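As structure tokens, the structure follows; a few thoughts come after it.
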Amino acid sequence: MFTLPLGIKIAQVTIEYEMNYGVAMAGAVIATIPVLAVFIYFQKNFTQGITIGAMKG
């Protein structure tokens, strides 16, 4: 059980000083998907909250 950034780092190192960039990019995409899904689902509320907070009153 690792945090996401640590798990990606451990998975991408194949040999001592060699980095597997394909695994790193795949991990970044997998880590981004849930955040993007939550943003898309709550996009209306999120933008509405920003707009209300920016209004002077």
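Using the numbering used here, the letters of the sequence shown correspond one by one to residues 78 to 134.
Built from N, CA and C at the ideal position, the CB exists for glycine as well.
Model, not experiment: these values are computed from the prediction.
DSSP places M102 within a helical segment (H, G or I) once states are collapsed to three.
Less than 9 Å divides the Cβ of A105 from the Cβ of I85. A straight line joining the alpha-carbon of Y98 with that of M132 spans about 44 Å.
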